[in-house]
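Its first residue numbered 1, the sequence shown is counted upward by one per residue in full-length UniProt numbering.
Beta carbons: idealized from backbone N, C-alpha and C, even for Gly.
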Amino acid sequence: MYEIIFYLTSVIAVLAASAILIAPHPVHAALYLVISLLALALLFFLLGAPLLAALQVMIYAGAIMVLFLFLIMVMNLRPGQNQSAPLASGWKGPAFLALILLLELLWILNRFQITATNNITAIEPKAVGLALFGPYLLVVEVAAVLLLAALVAALYLSRKERS
Numbered sequence: 001m002y003e004i005i006f007y008l009t010s011v012i013a014v015l016a017a018s019a020i021l022i023a024p025h026p027v028h029a030a031l032y033l034v035i036s037l038l039a040l041a042l043l044f045f046l047l048g049a050p051l052l053a054a055l056q057v058m059i060y061a062g063a064i065m066v067l068f069l070f071l072i073m074v075m076n077l078r079p080g081q082n083q084s085a086p087l088a089s090g091w092k093g094p095a096f097l098a099l100i101l102l103l104e105l106l107w108i109l110n111r112f113q114i115t116a117t118n119n120i121t122a123i124e125p126k127a128v129g130l131a132l133f134g135p136y137l138l139v140v141e142v143a144a145v146l147l148l149a150a151l152v153a154a155l156y157l158s159r160k161e162r163s
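Next comes the structure, spelled out in structure tokens:
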């Protein structure tokens, strides 16, 4: 039964990631990105990495999305004049996908107890810490610098010409 939920969650993640590209408003795209990140967290949980799932929700779906929404507000992005979709009408798609993810998570937590008898091996937090601050330390730091450079570049490109 885990396989069905795994594939359904994968489809939700792909649908949400695809909807980011066609969302009529930047805030709607950010909401679809949150849904995609939450689906990825549920996939991590199903694969036996509850710590990684919690980090995915806290860091990416939480902190990084606050940063993205702040960037959208700073850049003052608005939909084009020819688009007829108001801001309030775009909440139905992300809300529907989030409801499906919530129902999947509640069903998993109520139906199954994730124990060693289910042949799911959990990744210990110590192993994640040793990997991040061991052989992958340089990769993590390069990713952080790249994200910072992208944020600075987006702010620079969005500024208005001053005469």
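- For Tyr2, the three-state secondary structure derived from DSSP is helix.
- In the structure shown, Pro135 falls within a coil segment according to DSSP collapsed to helix, strand and coil.
- A straight-line Cα-Cα distance of about 17 Å links Glu141 and Ala63.
- Membership of Tyr32 in the alpha helix (DSSP H) is indicated by the continuous run 26 to 46.
- In the three-state reduction of the DSSP assignment, Ala153 falls in the helix class, which pools H, G and I.
- The Cβ atoms of Ile12 and Ala39 lie closer than 8 Å to each other.
- The Cβ-Cβ distance between Gln56 and Leu33 does not fall below 8 Å.
- Arg159 carries a coil assignment under DSSP once its states are collapsed to helix, strand and coil.
- DSSP places Glu104 in the helix class (H, G or I) of the three-state scheme.
- In this structure, DSSP gives Ile123 a state outside helix and strand, which the three-state scheme calls coil.
- In the three-state reduction of the DSSP assignment, Ala49 falls in the coil class, being assigned neither a helical nor a strand state.
- The alpha-carbon of Phe133 is positioned some 15 Å away from that of Glu124.
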